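J.: Quick one: this structure, given as structure tokens, is what I'll be asking you about.
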Amino acid sequence: MGLLIDWTTKALCQEGDPDALFVQGAEQNNAKKVCRGCPVRLECLADALDNRIEFGVWGGMTERERRALLRKHADVRSWRAVFEVALEEEQRNARKSSRRRIPVNLNF
1 MGLLIDWTTK ALCQEGDPDA LFVQGAEQNN AKKVCRGCPV RLECLADALD NRIEFGVWGG
61 MTERERRALL RKHADVRSWR AVFEVALEEE QRNARKSSRR RIPVNLNF
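In the UniProt record's numbering, the protein residues as written are 1 to 108.
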């Protein structure tokens, strides 16, 4: 299962005040809390990074954090693709670890 293309309708922030995500300073920490349990956090972040959205908290990152990430990884052309690959790898690893047999000692 990959990232959703139309993620906005599933975002937790749809139910709150949108202006709460466009704040400055310490208030940004409260804005980031909205993102923590959001089921489409990666989709939101990928969209903000791919479209170079400059303002607000998106996917749990402030504009400053996103700018730093973009500078550090200037060669990335599609964050959506990066996150898709990472998600697929995580799912593969989870399947592998669930198939491992755990030795059980039943000697009482």
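We put the CB at the ideal spot given by N, CA and C, even for glycine.
As the structure is a computational prediction, the values presented were derived from the model and not from experiment.
For the alpha helix (DSSP H) containing residue 23, name the first residue and the last one.
T.: Neither: residue 23 is in no alpha helix (DSSP H) and is coded neither H nor E.
J.: What residue range is occupied by the uninterrupted alpha helix (DSSP H) comprising residue 83?
T.: Per DSSP, the continuous alpha helix (DSSP H) segment holding residue 83 begins and ends at 79-99.
J.: CA-CA distance, residue 40 and residue 94?
T.: 20 Å
J.: Measuring straight from C-alpha to C-alpha, what distance separates residue 82 and residue 30?
T.: 27 Å
J.: What is the residue span of the alpha helix (DSSP H) that residue 11 lies within?
T.: Where residue 11 is concerned, there is no enclosing alpha helix (DSSP H), given that its DSSP letter is neither H nor E.
J.: Could you check the C-alpha separation between residue 42 and residue 8 for me, to the nearest Å?
T.: The C-alpha of residue 42 lies about 12 Å from the C-alpha of residue 8.
J.: So, is residue 47 buried or exposed, given that buried needs 16 or more other C-beta atoms within 10 angstroms?
T.: Residue 47 should be labelled buried.
J.: Around the Cβ of residue 86, are there at least 16 other Cβ atoms within 10 angstroms (buried) or fewer (exposed)?
T.: With fewer than 16 other Cβ atoms from the protein chains shown falling within 10 Å of its own Cβ, residue 86 counts as exposed.
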